[in-house]
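Protein chains in written order, with the numbering used here: chain A, 54 to 234; chain B, 13 to 184.
All C-beta atoms in this analysis are idealised placements derived from N, C-alpha and C, irrespective of residue type, glycine included.
The model shown is predicted, which means the values in this text are computed figures rather than measured ones.
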Amino acid sequence: MDKQKPEYFRPALIAGAIAGFLSGFPFFGLFNCVCCLWIVGGGAVAVKLLSKSTPGILSSSDGAVVGALTGIVASVVHTVLSLAFKPDIETARRVLDWLSGMGVESPSNVESMLESGSAFRSPGWILLGLFVTAAVYAVMGGLGGVIGVSLFAKKAAPPIQPPPPPPATPTPTPPGPADAV
Amino acid sequence: MEPRSVRRVWLLTLCGTVIWLAAIVLAPWLAGRGAGGAARFLYAVFAPVCHQIADRCFVLSGHPLAVCGRCLGVYAGFAAGLVIYPFVRGFSRLALPSARVFLLMIFPMALDAVAGILGIWGSPIGIRFATGFAWGTILPFYFVVGVSDFISARKSRAVARALARTATKKVE
């Protein structure tokens with residue numbers, strides 16, 4: 054039996070955009086520390102959307118695919134938002150210089166943190182980060198999708214029982230030895 | 013679904029998890045031995061998936077692990093779940109855990125994490141690890157089923173396409 058392939062892209066795009074936005078946004082992104090909560094949740098939400106638009110029953114495979122796509126979309130949105138919300142290194146350095154001019158001592162490891170921060174802003178690191186994020190989010194989203202199938206997807210209808218046979222007309226039986234007891 | 017195929021998915025997942033865990037431990041070990049460049053690369057690989065706050069990480073060779081205690085718990089729990097998978101489920105059937113089991117396993121970590129983020133309490137790293145571990149244990153029971161089912165569905169589609177092609181050729 055070959056069932057029709059569900060339309061994965063639209064639910065993945067919607068759920069991925071929401072999950073990526075929540076992951077990359079300050080404060081809300083903290084909830085991603087709970088095992089990529091937004092991404093796993095995004096995968097599950099994508100399955101919910103998919104089950105609404107698909108008449109048939111969804112399998113674990115459908116959940117894994119739509120969840121993985123959700124994770125990939127979320128990773129792109131997350132990376133773009135993270136770049137937008139990251140503090141500007143030059144501005145931070147100027148603020149530190151100004152503070153030290155005022156006699157305020159900055160923590161000893163601030164300079165190394167700024168250096169590593171600026172190193173991670175190079176295009177190479179950003180691409181590496183995007184690749185790793187996409188890979189991990191695809192796995193986590195896929196997991197969320199399979200979890201979503203177990204929680205939200207329509208369950209298979211129980212097999213239809215054949216109607217019971219009509220009651221047979223009782224045929225008179227001759228009395229046997231058992232009837233005599 | 014053939015048991016051999018499920019076993020292959022399980023084995024590959026186990027290998028991937030061991031490599032992932034080894035990389036987490038390797039980062040501080042390399043940093044401790046003075047291989048700063050390689051260590052920085054590994055820390056950067058894990059940076060997008062974990063906050064890496066040093067106070068919340070286990071320490072090795074004087075350096076924090078590449079992920080926090082909770083993430084380490086999730087990954088270690090995933091590995092533990094994979095180890096017990098063949099004894100609990102076997103390779104001959106594909107079944108997802110029930111919603112009740114799912115809620116039971118996620119509840120401790122969700123409670124601990126949400127309370128921590130909202131500032132209600134700050135749990136020690138051991139608790140973070142333990143709650144993450146519990147949640148991670150159930151994840152392979154979704155992962156192996158999902159990937160195995162995906163491979164099986166692809167195979168069935170390929171067979172159906174090949175049959176349709178053969179039928180078309182015969183008609184021609």
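Among B/Arg52, B/Val86 and B/Ile31, which has the Cα closest to the Cα of B/Asp122?
-> As a position in the second sequence, residue 122 of chain B is number 110, starting the count at 1. In the sequence as displayed, the identity of residue 122 of chain B is Ala instead of Asp. If we check each option's Cα against that of B/Ala122, B/Val86 comes out closest.
Do three or more CB pairs link the stretch 93-100 of chain B to the stretch 70-81 of chain B at distances below 8 Å?
-> No, the stretch 93-100 of chain B does not touch the stretch 70-81 of chain B.
Coarse secondary structure for A/Gly229, derived from DSSP in three states = In the first sequence, the residue the question calls residue 229 of chain A occupies position 176. Because the pLDDT of A/Gly229 is 49, which lies under 50, any placement of that residue in the model is unreliable, and the number read from its coordinates should be weighed accordingly. Residue state, collapsed to three classes: coil.
Return no unless some Cβ of chain B is closer than 8 Å to the Cβ of A/Ile110.
-> Start at 1 with the first residue of the first sequence, and residue 110 of chain A comes out as number 57. Chain B contact via Cβ: absent.
Output the distance between the C-alpha atoms of B/Leu23 and B/Ala165, rounded to the nearest integer angstrom.
-> On the second sequence, residue 23 of chain B is found 11 positions in, with the first residue counted as 1. On the second sequence, residue 165 of chain B is found 153 positions in, with the first residue counted as 1. Spanning the alpha carbons of B/Leu23 and B/Ala165 requires a straight line of approximately 20 Å.
Which of helix, strand or coil does DSSP assign to B/Pro98?
-> Indexing the second sequence from 1 puts residue 98 of chain B at position 86. In this structure, B/Pro98 counts as helix in the three-state DSSP scheme.
Taking 8 Å as the CB-CB limit, is B/Phe162 close to chain A?
-> Here residue 162 of chain B corresponds to residue number 150 of the second sequence, with the count starting at 1. For B/Phe162, the answer is yes, since a Cβ of chain A falls inside 8 Å of its Cβ.
Starting from B/Val79 and walking both ways along the alpha helix (DSSP H), at which residues does that stretch end?
-> On the second sequence, position 67 is the one that residue 79 of chain B refers to. Counting along the chain, no alpha helix (DSSP H) covers B/Val79, and no H or E run does either.
Use the C-beta contact count for A/Ser112: other C-beta atoms within 10 angstroms, 16 or more gives buried, fewer gives exposed.
-> As a working note, residue 112 of chain A is residue 59 in the first sequence. It counts as buried.
Going by the beta-carbon positions, is the gap between A/Gly194 and A/Ala127 smaller than 8 Å?
-> Counted from its first residue, the first sequence places residue 194 of chain A at position 141. Counted from its first residue, the first sequence places residue 127 of chain A at position 74. Yes.
Beta-carbon gap between B/Val156 and B/Thr25 smaller than 8 Å = Mapped onto the second sequence, residue 156 of chain B falls at position 144. Mapped onto the second sequence, residue 25 of chain B falls at position 13. In contact: B/Val156 and B/Thr25 (Cβ atoms closer than 8 Å).
Under the rule that 16 or more other beta-carbon atoms within 10 Å means buried, what is B/Gly27, buried or exposed?
-> Your numbering for residue 27 of chain B matches position 15 in the second sequence. According to the sequence as given, residue 27 of chain B is Cys; it is not Gly. Around the beta carbon of B/Cys27, fewer than 16 other beta carbons sit within 10 angstroms, so the residue counts as exposed.
May I ask which residues mark the beginning and end of the alpha helix (DSSP H) holding B/Tyr55?
-> Here the question's residue 55 of chain B lines up with position 43 in the second sequence. In the DSSP annotation of this structure, the continuous segment of the alpha helix (DSSP H) that includes B/Tyr55 starts and ends at Gly48 to Phe58.
Chain A contact for B/Pro120 (CB, 8 Å cutoff) = What you label residue 120 of chain B is simply residue 108 of the second sequence in a count that begins at 1. Not one beta carbon of chain A lies nearer than 8 Å to the beta carbon of B/Pro120.
Determine, using beta carbons only, whether B/Pro40 comes closer than 8 Å to chain A.
-> By one-based count along the second sequence, residue 40 of chain B stands at place 28. Against chain A, the CB of B/Pro40 has no partner CB under 8 Å away; the residue lies outside that interface.
Distance, B/Gly46 Cα to B/Arg16 Cα | For this step, residue 16 of chain B is matched to residue 4 along the second sequence. For this step, residue 46 of chain B is matched to residue 34 along the second sequence. Straight across, the Cα-Cα distance linking B/Arg16 with B/Gly46 is about 44 Å.
Beta-carbon neighbours of A/Val189, restricted to chain B and to distances below 8 Å = Taking the first sequence and counting its residues from 1, the one referred to as residue 189 of chain A is at position 136. The contacting residues are Pro60 and Val61.
Measure the C-alpha to C-alpha separation of A/Thr132 and A/Ala121 and round it to an integer number of angstroms.
-> Numbered from 1 along the first sequence, position 79 holds the residue referred to as residue 132 of chain A. Numbered from 1 along the first sequence, position 68 holds the residue referred to as residue 121 of chain A. If I take the Cα positions, the gap works out to 17 Å.
Helix, strand or coil at B/Leu84 [DSSP, three-state] | Counting from 1 along the second sequence, the entry for residue 84 of chain B is found at position 72. Here B/Leu84 carries a helix assignment [DSSP, helix/strand/coil].
Pull up the distance between the alpha-carbon of A/Met54 and that of A/Ala68, whole angstroms please.
-> By one-based count along the first sequence, residue 54 of chain A stands at place 1. By one-based count along the first sequence, residue 68 of chain A stands at place 15. Here the model assigns A/Met54 a pLDDT of 47, short of 50, so the residue's position is not dependable and the matter cannot be decided.
Spell out whether any CB of chain B is found under 8 Å from the CB atom of A/Val234.
-> Counting from 1 along the first sequence, the entry for residue 234 of chain A is found at position 181. Bear in mind that the predicted position of A/Val234 carries a pLDDT of just 39, short of 50, making it unreliable; the figure below should be weighed with that in mind. So no, A/Val234 is outside the interface.
Please check if any C-beta of chain B sits within less than 8 Å of the C-beta of A/Gly195.
-> Within the first sequence, residue 195 of chain A is the residue found at index 142, counting from 1. For A/Gly195, the nearest beta carbon of chain B is closer than 8 Å to its own beta carbon.
Where does A/Leu122 fall in DSSP's three states?
-> Numbered from its first residue, the first sequence carries residue 122 of chain A at position 69. Helix, per DSSP.
Starting from the C-beta of B/Trp133, find all residues in its chain whose C-beta is less than 7 Å away, skip the five residues before and the five after it, and write them out in chain order.
-> Against the second sequence, residue 133 of chain B aligns to sequence position 121. Excluding residues up to 5 positions away in sequence, Ala127 lie with their Cβ nearer than 7 Å to the Cβ of B/Trp133 in the same chain.
At what residues does the alpha helix (DSSP H) containing A/Gly109 begin and finish?
-> Position 56 of the first sequence, counting from 1, holds the residue named residue 109 of chain A. Secondary structure note for A/Gly109: it is in no alpha helix (DSSP H), with a DSSP letter that is neither H nor E.
Contacts that A/Ile200 makes with chain B (C-beta to C-beta distance below 7 Å) | By 1-based counting over the first sequence, the position of residue 200 of chain A is 147. Those within 7 Å of A/Ile200 in chain B are Phe114 and Tyr154.
Looking at the C-beta of A/Thr186, does it have a partner C-beta in chain B at a distance below 8 Å?
-> Residue 186 of chain A sits at position 133 when you count from the first residue of the first sequence. True, the Cβ-Cβ gap to chain B drops below 8 Å.
Determine whether the Cβ of A/Ala68 lies closer than 8 Å to any Cβ atom of chain B.
-> If you number the first sequence from 1, residue 68 of chain A lands on position 15. Output row for A/Ala68: interface = no.
Taking DSSP as the reference, what is the three-state secondary structure of B/Leu108?
-> In the second sequence, counting from the first residue as 1, residue 108 of chain B sits at position 96. Note: B/Leu108 maps to coil in three-state DSSP.
Would you verify that the beta carbon of A/Trp178 is, or is not, closer than 8 Å to some beta carbon of chain B?
-> Counted from its first residue, the first sequence places residue 178 of chain A at position 125. Put simply, the CB of A/Trp178 is near chain B, with a gap under 8 Å to one of its CB atoms.
Evaluate the contact criterion for the stretch 109-119 of chain B versus the stretch 142-152 of chain B: three or more CB pairs, one atom per stretch, below 8 Å.
-> They touch, by the three-pair rule.
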